[in-house]
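full-length UniProt numbering puts the first residue of the sequence shown at 1, with every later residue one more than the last. All residues carry an ideal CB built from backbone N, CA and C; glycine is no exception.
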Amino acid sequence: MPTNDDKSKFGVDDVAAALGPDTEVTALGVREESELSLPLRDWAAYYRGEAVTVTHRNRATRRIVRPRRGRKRRKQTKAEEEKEEDGDGDGDGDGDAEVEADAADATEVLLNLVSLEYSCTPLSRRVAAPALVRELDWIDHAWPTILKRQGHEAALGLEGAEGGGDALGQAKPDLSRSEEGEDGIMAAAATPEEEGEKENLNAAATRNATRNAAAADNAKGRFSTHYPRVQNYCLMSPQHSYTDFHVDFGGTAVWYHVLRGRKTFFMAPPTDANLRALGAWSNALGLEGGGGFLPHSLPPRSVVKFDVREGETLLLPSGWLHAVYTPVDSLVFGGNFFFDAAADVQLRVGDWEEAFDVPRRLRCPFFPHIHWYAAMRFAQRLRRRLRNGAASSDDACEVGAAELKNMKALHARLERSLVEARGDKLGFVAATPECVSQPRVFLRQLGLLMAALEARARR
């Protein structure tokens, strides 16, 4: 999170300055459900209540302004303040009159910006995920280090650059080491055998970087071509913004920190009945009459309401259906993450996305790959646990019952994917990391390791 000094001052203009005022972003029309593009500089102006020009997906442009009831009185510039103090101003804000005159020719449109990913930017050094998330996230602990490093370098424009700095004048980060947050969370020391396994995995991942990149649906440059770049988002929502019911891609869990304003969540658990209702409702939205209000299609008392106020953080469980209302202007930081104890839910949501034909650009990039890498990491942990025995004091080796149950579900799903691959060899190759050179052998070994752990627990 931002430091205490930052929190009292940090706002939308600071986000634009940190990411670059010319950075193109995509905002959603709350009522139109359309995507509009504009640079961050213009987004900040729109947020303040000024009229701006936006671009539709069909490249058409138009002049818009946020709805009047959500607009605030424009903050005076220093020159205007000095003019008013000298008695030359009328005290009524000449600048506001100019803004209102400009806005009179613009269409009132309520926009919501919820997809601005800021990993690999200067902002990521000021705003980090909660310590618990960083301790659990597969992208941090299971994804090959070399691929994530390449993703960072590509995002920072460091490939082939001399001098070791990025375009923003920041020092080139040392990506050869494990990242350590403010809480000092680092990966447990690995044995020489495990280091060898990691080297083999990273070497294979390097050879396979190009093929893995092609497997991702890299819509609008939103995702890195080297790893799932979904861990850090900045959400800037004007008053009365609303995001209708949905499930985050791949059944990922989500962290939200409200730096400014307030968010109201309406949430329902990811039961099979609720997911079926969500899929049918989503498909009906494009039909005449729409899909209605989703909670009316869910069992009684399925939906709970939860307010997240300024300074509070919410961890939304994996796969939960949710809608979000913004009662006041809000600046929020959040992100998506995978973890062991949610593998079953993640896989069920992945199946749900396939069954209801969710567009590829709305799904999590590298979804099959992250599960293979998580299985490989889990196998390493099981070997350490079985080798060290019950006397081990290494928390990283501990395997809880819920975690084991979920990883058994992952093991079963990967085995099923091998059976399904018999009729689609090319599809299987594209969805499987090259480091899994003998997937059947690996899954057999993982099954034996889990059986050995359960047998030891029964003794």
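{"Asked": "Residues bridged to Glu-35 (per DSSP)", "Found": "Leu-28"}
{"Asked": "Touch test, the region 139-153 against the region 224-233, Cβ-Cβ under 8 Å, three pairs minimum", "Found": "yes"}
{"Asked": "Limits of the unbroken beta strand (DSSP E) element including Ser-330", "Found": "321-337"}
{"Asked": "Exposure label - Thr-252; buried when at least 16 CB within 10 Å", "Found": "buried"}
{"Asked": "Extent of the continuous beta strand (DSSP E) run through residue 505", "Found": "In the structure displayed, the chain extends from 1 to 459; residue 505 sits before or after that span and is not available."}
{"Asked": "CB-CB length for Arg-63 against Asp-105, believed under 8 Å", "Found": "6 Å"}
{"Asked": "Bridge-paired residues (DSSP) for residue 462", "Found": "Examination of residue 462 is not possible in this model, given that the chain is present from 1 through 459 alone."}
{"Asked": "Close beta carbons around Glu-403, own chain, < 7 Å, minus the five adjacent residues each side", "Found": "Asp-340 and Ala-341"}
{"Asked": "C-beta contact flag for Glu-353 and Arg-363 at 8 Å", "Found": "yes"}
{"Asked": "His-226 (DSSP reduced to helix, strand or coil)", "Found": "coil"}
{"Asked": "Own chain residues within Cβ distance below 8 Å of Gly-400, not counting five before or after", "Found": "Ala-341"}
{"Asked": "Under 8 Å between C-beta atoms of Leu-19 and Leu-111", "Found": "no"}
{"Asked": "Collapsed DSSP secondary structure at Ser-237 in the structure displayed", "Found": "strand"}
{"Asked": "Rounded distance between the beta-carbons of Ala-129 and Ala-374, thought under 8 Å", "Found": "In fact, because the Cβ distance is near 18 Å, the residues do not count as touching under 8 Å."}
{"Asked": "Interface flag, Asp-351 vs chain C, CB-CB below 8 Å", "Found": "You won't find chain C in this structure, because it holds only one protein chain."}
{"Asked": "Cβ-based burial, Val-429 [other Cβ within 10 Å; buried from 16]", "Found": "exposed"}
{"Asked": "Closest Cα partner of Glu-315 within the set Arg-384, His-257 and Arg-377", "Found": "Checking the sequence, you will find Leu at residue 315 rather than Glu. Among Arg-384, His-257 and Arg-377, the Cα nearest to that of Leu-315 belongs to His-257."}
{"Asked": "Rounded straight-line distance, which links the Cα of Phe-337 to that of Pro-433", "Found": "20 Å"}
{"Asked": "Run of the beta strand (DSSP E) containing Arg-458, from where it starts to where it stops", "Found": "It is not in any beta strand (DSSP E) - Arg-458 instead sits in the alpha helix (DSSP H) that spans 439-458."}
{"Asked": "Exposure label - Ala-451; buried when at least 16 CB within 10 Å", "Found": "exposed"}
{"Asked": "Glu-354 (DSSP reduced to helix, strand or coil)", "Found": "helix"}
{"Asked": "Test item: CB-CB of Trp-43 and Ala-60 under 8 Å", "Found": "no"}
{"Asked": "Whole alpha helix (DSSP H) elements within the region 115-143, 4-residue minimum", "Found": "131-136 and 138-141"}
{"Asked": "Cβ pair His-322, Phe-245 closer than 8 Å", "Found": "yes"}
{"Asked": "Distance between Gln-380 and Arg-301 (C-alpha atoms, nearest Å)", "Found": "42 Å"}
{"Asked": "Assigned secondary structure, Asp-13 (DSSP; H/G/I helix, E/B strand, else coil)", "Found": "helix"}
{"Asked": "Cutoff 7 Å; reference Arg-309; Cβ partners in own chain excluding five residues on either side", "Found": "Val-258 and Arg-262"}
{"Asked": "8 Å Cβ cutoff met for Val-349 and Gly-311", "Found": "no"}
{"Asked": "Among Pro-238, Thr-271 and Gly-291, the one whose alpha carbon lies nearest that of Ala-280", "Found": "Gly-291"}
{"Asked": "Contacts around Leu-449, its chain only, beta-carbon distance under 8 Å, and the 5 residues preceding and following it disregarded", "Found": "Ala-379, Leu-382, Arg-383 and Leu-386"}
{"Asked": "Cβ-based neighbour list, Arg-57, same chain, cut-off 7 Å, excluding 5 preceding and 5 following", "Found": "Glu-35"}
{"Asked": "Exposure label - Glu-420; buried when at least 16 CB within 10 Å", "Found": "exposed"}
{"Asked": "Residues that DSSP places opposite Glu-108 in a beta bridge", "Found": "Val-65"}
{"Asked": "Exposure of Ala-457, with buried meaning 16 or more beta-carbon neighbours within 10 Å", "Found": "exposed"}
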